[in-house]
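Visitor: Protein chains in written order, with our numbering: chain S, 1 to 202; chain F, 203 to 404.
Number of protein chains: 2
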Amino acid sequence: MGKVLRGRSGRRRGAPDTKGEILAAARQVFGERGYDGASVRAIAAAAGVDSALVHHYFGTKEKLFLAAMEIPFDPAAIADAIMDDAGGAGVGERAIRTFLGVWGQPASRAPVLALLRSAMQHEAAARLLRQLVTRAILGRVLVVFEGVPNGALRAEAMVSHLIGLAIVRYVVKLEPIASVPDEELVRLIAPVLQQYYDGAFE
Amino acid sequence: MGKVLRGRSGRRRGAPDTKGEILAAARQVFGERGYDGASVRAIAAAAGVDSALVHHYFGTKEKLFLAAMEIPFDPAAIADAIMDDAGGAGVGERAIRTFLGVWGQPASRAPVLALLRSAMQHEAAARLLRQLVTRAILGRVLVVFEGVPNGALRAEAMVSHLIGLAIVRYVVKLEPIASVPDEELVRLIAPVLQQYYDGAFE
DNA sequence: GGCGAAATTCATCATGTGATGAATAGTGCG
DNA sequence: CGCACTATTCATCACATGATGAATTTCGCC
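1) Take every Cβ of the stretch 159 to 167 of chain S, pair it with every Cβ of the stretch 58 to 71 of chain S, and state whether three or more of those distances are shorter than 8 Å.
2) Which stretch, first to last residue, makes up the alpha helix (DSSP H) that contains Leu66 of chain S?
3) At least one CB of chain F closer than 7 Å to the CB of Ile177 of chain S: is that the case?
4) So is Pro111 of chain S buried or exposed if we call it buried at 16+ other beta carbons inside 10 Å?
5) Leaving out five residues before and five after Arg342 of chain F in sequence, what residues of the same chain have Cβ atoms less than 6 Å from its Cβ?
6) Answer with yes or no whether the minimum CB distance from Pro240 of chain F to chain S is below 7 Å.
7) In its own chain, which residues sit with a C-beta less than 7 Å from the C-beta of Leu266 of chain F, not counting the 5 before and 5 after it?
8) Could you name the residues of the same chain whose beta carbon sits closer than 7 Å to that of Thr300 of chain F, not counting the 5 residues immediately before and after it, in chain order?
9) Let's test the definition: count the other Cβ atoms within 10 Å of the Cβ of Ala89 of chain S and tell me whether it reaches 16, buried, or not, exposed.
10) Find out if the Cβ-Cβ distance for the pair Leu129 of chain S, Leu113 of chain S is shorter than 7 Å.
11) Could you give the uninterrupted runs of the beta strand (DSSP E) lying entirely in the stretch 92 to 143 of chain S, keeping only those of 3 residues or more?
12) Mind checking if Gly233 of chain F is an interface residue toward chain S, Cβ cutoff 7 Å exclusive?
13) Residues of chain S with CB under 7 Å from Met322 of chain F, in chain order?
14) Compare the Cα-Cα distances from Ala359 of chain F to each of S:Val133, S:Gly147 and S:Pro191 and report the closest residue.
15) Quick one: measure Cβ to Cβ for Tyr196 of chain S and Arg154 of chain S, integer angstroms, because I've assumed they're closer than 8 Å.
16) Assuming Arg34 of chain S and Arg117 of chain S make a contact with CB atoms under 8 Å, what is their CB distance in whole Å?
17) Are the C-beta of Ile167 of chain S and some C-beta of chain F separated by less than 7 Å?
18) So, for Glu93 of chain S: in the same chain, excluding its five sequence neighbours on each side, which residues have a beta-carbon less than 6 Å away from its beta-carbon?
19) Quick check: Gly239 of chain F and Asp36 of chain S, are their CB atoms within less than 7 Å of each other?
20) Between which two residues does the alpha helix (DSSP H) carrying Leu355 of chain F extend?
21) Does the Cβ-Cβ distance between Val346 of chain F and Val293 of chain F come in under 7 Å?
22) Relative to the C-alpha of Ala247 of chain F, which candidate in F:Leu268, F:Ile224, F:Glu264 and F:Ala269 has its C-alpha closest?
23) Can you give the beta carbon distance from Val133 of chain S to Leu376 of chain F, rounded, assuming they're within the 8 Å contact cut?
24) Return the Cβ separation of Gly104 of chain S and Asp182 of chain S in integer angstroms, given the expectation that the two are a contact with Cβ distance under 8 Å.
25) Can you name the start and end residues of the alpha helix (DSSP H) that Ser51 of chain S belongs to?
26) What does Val186 of chain S touch in chain F if you count any residue whose Cβ is under 7 Å from its own?
27) Under the rule that 16 or more other beta-carbon atoms within 10 Å means buried, what is Gln131 of chain S, buried or exposed?
28) Report the neighbours of Arg130 of chain S on chain F: residues whose CB is nearer than 8 Å to its CB, in chain order.
29) Can you tell me the Cα-Cα spacing of Ala125 of chain S and Ile369 of chain F, whole angstroms?
30) Which residues of the stretch 348 to 366 of chain F have a Cβ closer than 8 Å to any Cβ of chain S? Give them in chain order.
31) Step through the CB atoms of chain S and report whether any lies within less than 7 Å of the CB of Phe403 of chain F.
32) I'd like to know whether the C-beta of Ala392 of chain F is nearer than 7 Å to at least one C-beta of chain S.
33) Specify, as a first and last residue, the run of the alpha helix (DSSP H) that Ile224 of chain F falls within.
34) For Met191 of chain S, which three-state DSSP category applies?
35) By the criterion of Cβ-Cβ separation under 8 Å, what are the contact partners of Ala126 of chain S in chain F?
36) Could you work out which residues of chain S lie near Tyr399 of chain F, taking near to mean beta carbons separated by less than 7 Å?
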């Protein structure tokens, strides 16, 4: 299987963005199976390309992974969306709305899923996730929590809930929470998240 | 590496619980690397045994996994701990206390971690997790939520937060939440969880 | 139009995997 | 004691993986 390649050897005509297609395929397959589960061959096949070409462009599998994770969505934008008009009021609702936005679209879901899945099996990926969450997201969101005691802890608790929601809804697919409409989730979860901002906690 | 086996061929003396040791090693290694990442050879090595012996006892890797997942902790007991004196009051605190109890001890953490990690890579494991959560835990806990509108959804939202907490604290090891003492976590998270019971949500 | 560089595939390697079957060493029952 | 059974290892298979180097085809520049 997977033998259906283009033609024989040699360069293809025109100027196809093969590198980009490989990256897209990588995000997809890494997302479906995680770092270890995604074979270079499978990614190559998904891109309709020989596996050697993948190595030609990216050298090693690890470098391909890093390249595929290179922010295809902008963490800063996400942070901004969460902070919005600045101010703690409504931060819970904005957080879950942004979350559902990212996870709702396959284009942005794929890389995040890939990262999350891989972080569960590969220490390198876990490190990457940690950095991403810490620097790109928390670093900015913390502005909202400044002045609030234990702001970092509160913010991380919020993030942890969202990560768990992602797993239960998009990976394990536990019902009914996997099928409930977005709006209903917002009404359920936003006030709870909000409590991490409002709540008393010395 | 991994070549340091006991002696030569043949049965060992005495009546060692080798099968049990293999199961323990399996839980450990499955917990560290997930289903796909854990090789039969690695498990055998961790048990100080030839890999063929693992197959002798359990046949296939999948069967070994299932055997290793055979609840070495009692989900019913967990459910009971959460329900306790019965009544929604304090359900948030009891939930996170029970959670921290399970994840605090390596003996009970290993199999749950194994299941969670594997559920991220292997559909079979995801199915297993779903069943476990659905039947063993939610099935019982739902008694507390009966009468409450959308009880199932609320309960699952609670569970999702705890799963996310497990990942952030024990897998990705995000600081400071990974190092904060249990008691502090209880004070932070219990009231938030409680809101899933008390909160208004039509 | 020729020529070097880039894009692409093919053949191949070394390694690790799950699994199987045969061989050896110990146990316990008669 | 003898003999069946079990526990255990060793040798090996077929297969998938990540990686590399050589061969082939096309592009773009002078």
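Glycine is no exception: its CB is placed at the ideal position from the N, C-alpha and C atoms. Predicted model only: the values in this text are computed from it and were never measured.
Guide: Reading it off the structure:
1) no
2) Lys61 to Met69
3) Yes, contact with chain F.
4) buried
5) Ala281
6) Sequence check: residue 240 of chain F is Ala here, not Pro. Ala240 of chain F does not count as touching chain S.
7) Ala228, Val256 and Phe260
8) Within the same chain, Thr300 of chain F has close Cβ partners Ile280, Ala283 and Ile284.
9) That one is exposed.
10) Taking 7 Å as the Cβ cut-off, Leu129 of chain S and Leu113 of chain S do not qualify as a contacting pair.
11) none
12) no
13) Gly34, Arg117, Met120 and Val171
14) Of the candidates S:Val133, S:Gly147 and S:Pro191, the residue whose Cα lies closest to the Cα of Ala359 of chain F is S:Pro191.
15) Contact check for Tyr196 of chain S and Arg154 of chain S: beta-carbon distance about 5 Å, within the 8 Å limit, so the pair qualifies.
16) Strictly speaking, residue 34 of chain S in this sequence is Gly, with Arg absent from that position. Confirmed, about 4 Å.
17) yes
18) Ala190
19) yes
20) Gly353 to Ala368
21) yes
22) The shortest Cα separation from Ala247 of chain F among F:Leu268, F:Ile224, F:Glu264 and F:Ala269 belongs to F:Ile224.
23) 6 Å
24) 7 Å
25) Ser51 to Phe58
26) Near Val186 of chain S there are no residues of chain F at all, since even the closest Cβ is about 11 Å away, more than 7 Å.
27) By the C-beta density criterion, Gln131 of chain S is exposed, having fewer than 16 other C-beta atoms within 10 angstroms.
28) Val374, Lys375 and Leu376
29) Approximately 13 Å between the Cα atoms of the pair.
30) Of all residues in the stretch 348 to 366 of chain F, Asn352, Ala354, Leu355, Arg356, Glu358, Ala359, Val361, Ser362, His363, Leu364, Ile365 and Gly366 have a Cβ within less than 8 Å of some Cβ in chain S.
31) Yes, contact with chain S.
32) no
33) Thr220 to Gly239
34) The sequence shown places Pro at residue 191 of chain S, not Met. Helix, per DSSP.
35) Val373, Val374 and Lys375
36) Going along chain S, no residue has its Cβ under 7 Å from Tyr399 of chain F, so there is no contact; the nearest lies around 11 Å.
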